[in-house]
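From first to last, the protein sequence lines are chains A and B.
Numbering-wise, the first sequence is residues 319 to 646 according to our numbering.
Numbering-wise, the second sequence is residues 319 to 646 according to our numbering.
Think of the CB as a built atom: it goes at the ideal place given N, C-alpha and C, for glycine as much as any other residue.
What follows is a set of notes on a single structure, which appears directly below.
Protein chains: 2
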Amino acid sequence: MNISTFNNKKVLITGGLGFIGSNLAIQLIEAGAKVTLVDSLIPTYGGNLFNIEPVKYRARINISDVRDPHAMKHLVAGQDYLFNLAGQTSHLDSMEAPETDLNINVLAQLHILEACRHHNPDVRLVFASTRQIYGKPLQIPVDESHPLNPVDVNGINKLAGEQYHRLYYDVYGIRSSILRLTNTYGPRMRIKDARQTFLGIWIRRLLEGLPMQIFGDGNQVRDYNYVEDVVDALLITALSDNSYGQVYNLGSEEDLSLSKTAQIMTEIHDGSFEYVPFPSSRKSIDIGDYQGSFEKIKSQLGWLPRTSFRDGMRETIAYYKQYLEKYL
Amino acid sequence: MNISTFNNKKVLITGGLGFIGSNLAIQLIEAGAKVTLVDSLIPTYGGNLFNIEPVKYRARINISDVRDPHAMKHLVAGQDYLFNLAGQTSHLDSMEAPETDLNINVLAQLHILEACRHHNPDVRLVFASTRQIYGKPLQIPVDESHPLNPVDVNGINKLAGEQYHRLYYDVYGIRSSILRLTNTYGPRMRIKDARQTFLGIWIRRLLEGLPMQIFGDGNQVRDYNYVEDVVDALLITALSDNSYGQVYNLGSEEDLSLSKTAQIMTEIHDGSFEYVPFPSSRKSIDIGDYQGSFEKIKSQLGWLPRTSFRDGMRETIAYYKQYLEKYL
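Given below as structure tokens:
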């Protein structure tokens, strides 16, 4: 992947002040792209102005909500690339406020695609979907043909949002591609509470000297991607002409139990973990073990996750040791 | 299936003045059920007050929109059964007005399920989904495990609505079951234009002495269910305790090409048909051949389609010969 291709290109990133969006923005801006970041900065979501500290004078920041169809129309027009990363990502919040999740993950996606169709049909679009749409895996590793049985409102809505992207390519030729992300971690993730991935709150507790809490027996398996690898996947996909209308899992060759995950983290930074009963609201929407197959993106687009969990987590913890107060 | 079980039971039917809803209502009212019909009577949809002519003094009619969450709360409370049939069903309209389709087929479904959860968690709910969620069949016949790749906004939205019903059973115990309907035909269907199933407009043209128009070469295969058989399926499902959270295809053992379909219709009533090119707006969302497998509902619930296309269409045409002006 030749990131210099993005030099002087116009790029719009929805959710651009969020975890993945800001890491992507930094790379693109350093490669010479003209980047506009759209973010609602809703406090319970991932947006954080500090995330783009290294490039803050070189990014165009547009604080607005993807649910605002009028703003999106103007923002989409004229862009070469659209990385569509804005979303409500909390599984638990989606059960408590399903309509909010629907408005962001379904309705706003339709507005964004309609904006592309009518105001920028030549844009190159990459959409961030989620492994949550598979629900409880029937077999592991999960590839892209696995049945789709999401176990929470967020999964159902993200699936609809994803399918709109495929449909708008099939019917209108909007050149969209879809990545199904698994647990992503790294600098600039939200660590304030347990709303998003559990790794965030674990990092916070570790740095605050509190035990990390494992729900259940700790045997549950997850795969993790370091954010730099996910940014790579987004860029590689955007530059590929073979991925229009396609959907790709990300994933990792390392599958780690929660206990093992916590253990590695305490080896990087002194701390402890404890086992606590599963809260019932979480148990009912839990997916059990998960590992995704990334064979398709590997063979078709040449993407590979390059960062081991230990290395990525070392970088991550180092970042939060330095900037903890910006994320509390 | 013992329809007398519904005697004195309170039943709510959304889309109750529509095609399938009204046929269901007539049977339930004749069996002694206390039936409330919710319908928006939006002119381009299927609702028609004449549909319940035989029982009009025995049904409680509530003209309102399922998109109105406040009304639904009151309507759902106290019901024993909820047949959730309201929907935007036009594939073409869903592409032209995707947000309307989303509001009816996704958002309103969430409101209905939230109303059940908070105001009537013991209700027995049957939801009418559609074979459209499969998209272009990868193999025929299509069973319930076929991949879900809807080819239009309607299919994506109906899938989300369907998955909410499954989820609300899995997480909240709302006893919902899902039927994936294929082409249903019979008395009380909308025949005014080509918005809904093509069989409607064919019947109208046949009775008006105009040629029925076949898009393409006429070799495309469809399966049809007579509305009485679909009503049977709804009732059987509602009375089964084994179908909570389950999804079932309907279908037919007869698979008929469009040419053969038109030919049978001209044998029942003098008329003609002609081949015309596929309009591009329809071609892009067409699913090709389709036949569903109904093995699951047959083996688990004992449902079978009992009416041949020829017999059902004879009844249907006889109905429209008598009441044509009520449907124009």
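#1: Should residue 460 (chain A) be flagged as near chain B, meaning a C-beta pair shorter than 7 Å?
#2: Between which two residues does the alpha helix (DSSP H) holding residue 328 (chain B) run?
#3: Between B:570, B:504, B:338, which lies nearest to residue 622 (chain B) when the distance is taken from Cα to Cα?
#4: Should residue 427 (chain B) be flagged as near chain A, meaning a C-beta pair shorter than 7 Å?
#5: Would you decide whether residue 365 (chain B) is buried or exposed? Buried here means 16 or more other CB atoms lie within 10 Å of its CB.
#6: Under 8 Å Cβ-Cβ, which residues of chain B neighbour residue 485 (chain A)?
#7: Could you check whether the stretch 486 to 498 of chain A touches the stretch 544 to 555 of chain A, counting it as contact only if at least three pairs of C-beta atoms, one from each stretch, sit closer than 8 Å?
#8: What whole-angstrom Cβ distance do residue 343 (chain B) and residue 373 (chain B) have, given they're in contact under 8 Å?
#9: Specify, as a first and last residue, the run of the alpha helix (DSSP H) that residue 531 (chain A) falls within.
#10: Can you check DSSP and say which residues form a bridge with residue 592 (chain A)?
#11: Could you check the C-alpha separation between residue 415 (chain A) and residue 626 (chain B) for me, to the nearest Å?
#12: Run through the stretch 361 to 415 of chain B for me and flag every whole alpha helix (DSSP H) of 4 or more residues, listed as ranges in chain order.
#13: Taking CB distances under 7 Å as the criterion, tell me whether residue 450 (chain A) reaches chain B.
#14: Which two residues bound the contiguous beta strand (DSSP E) that contains residue 638 (chain B)?
#15: For chain B, find out if any of its Cβ atoms is closer than 7 Å to the Cβ of residue 478 (chain A); answer yes or no.
#16: Answer with buried or exposed for residue 336 (chain A), where buried requires no fewer than 16 other C-beta atoms within 10 angstroms of its C-beta.
#17: Please report whether the beta-carbon of residue 416 (chain A) lies at a distance below 7 Å from any beta-carbon of chain B.
#18: Can you give the Cα-Cα distance for residue 401 (chain A) and residue 589 (chain A), rounded to whole angstroms?
#19: Who are the neighbours of residue 465 (chain B) on chain A, taking C-beta pairs under 9 Å?
#20: Along chain A, which residues have their Cβ under 8 Å away from the Cβ of residue 424 (chain B)?
#21: Residues in its own chain within less than 7 Å of residue 487 (chain B) by CB, not counting five upstream and five downstream?
#22: With burial defined as no fewer than 16 other Cβ atoms inside 10 Å of the residue's Cβ, what is the status of residue 646 (chain A): buried or exposed?
#23: Output, in chain order, the set of chain A residues within a Cβ distance shorter than 8 Å of residue 488 (chain B).
#24: For residue 564 (chain A), decide whether its Cβ has a neighbour in chain B, counting only Cβ atoms nearer than 7 Å.
#25: Any C-beta of chain A sitting closer than 7 Å to the C-beta of residue 481 (chain B)?
#26: If I follow the unbroken beta strand (DSSP E) through residue 324 (chain A), where does it start and stop?
#27: Is the Cβ-Cβ distance between residue 538 (chain A) and residue 576 (chain A) less than 7 Å?
#28: Look at the Cβ atom of residue 477 (chain A), then the Cβ atom of residue 468 (chain A), and state whether they are nearer than 7 Å.
#29: Between which residues of its own chain and residue 615 (chain B) is the CB-CB distance below 6 Å, once the five residues before and five after are set aside?
#30: If I follow the unbroken beta strand (DSSP E) through residue 543 (chain B), where does it start and stop?
#31: Looking at residue 353 (chain B) and residue 393 (chain B), is the spacing between their C-beta atoms short of 7 Å?
#32: With which residues is residue 553 (chain A) paired in a DSSP beta bridge?
#33: Does DSSP classify residue 496 (chain A) as helix, strand or coil?
#34: Please name the residue, chosen from A:644, A:632, A:532, A:628, that lies closest to residue 595 (chain A) on a Cα-to-Cα basis.
#35: At a cut of 8 Å, does the stretch 573 to 587 of chain A reach the stretch 540 to 550 of chain A through at least three beta carbon pairs?
Concretely, from the data shown:
#1: no
#2: Not the alpha helix (DSSP H): residue 328 (chain B) falls in the beta strand (DSSP E), residues 328 to 332.
#3: B:570
#4: no
#5: buried
#6: By Cβ distance, chain B contributes 468, 469, 470, 471, 474.
#7: yes
#8: 7 Å
#9: That residue, residue 531 (chain A), is in no alpha helix (DSSP H); its beta strand (DSSP E) goes 530 to 533.
#10: A:531
#11: 47 Å
#12: 387 to 394, 409 to 414
#13: no
#14: Premise fails: residue 638 (chain B) lies in the alpha helix (DSSP H), 627 to 641, not in any beta strand (DSSP E).
#15: yes
#16: buried
#17: yes
#18: 37 Å
#19: 463, 465, 466
#20: 420, 424, 478
#21: 493, 494, 562, 563
#22: With fewer than 16 other Cβ atoms within 10 Å, it is exposed.
#23: 469, 602
#24: Not flagged as an interface residue toward chain B: residue 564 (chain A), since no C-beta distance is shorter than 7 Å.
#25: yes
#26: No beta strand (DSSP E) contains residue 324 (chain A), which DSSP labels as neither H nor E.
#27: yes
#28: A contact, by the Cβ cut-off of 7 Å.
#29: 566, 621
#30: 542 to 544
#31: Between residue 393 (chain B) and residue 353 (chain B), the C-beta spacing is not below 7 Å.
#32: Partner residues in a beta bridge of residue 553 (chain A), as assigned by DSSP, do not exist.
#33: Of the three classes helix, strand and coil, the one that applies to residue 496 (chain A) here is strand, per DSSP.
#34: A:532
#35: yes
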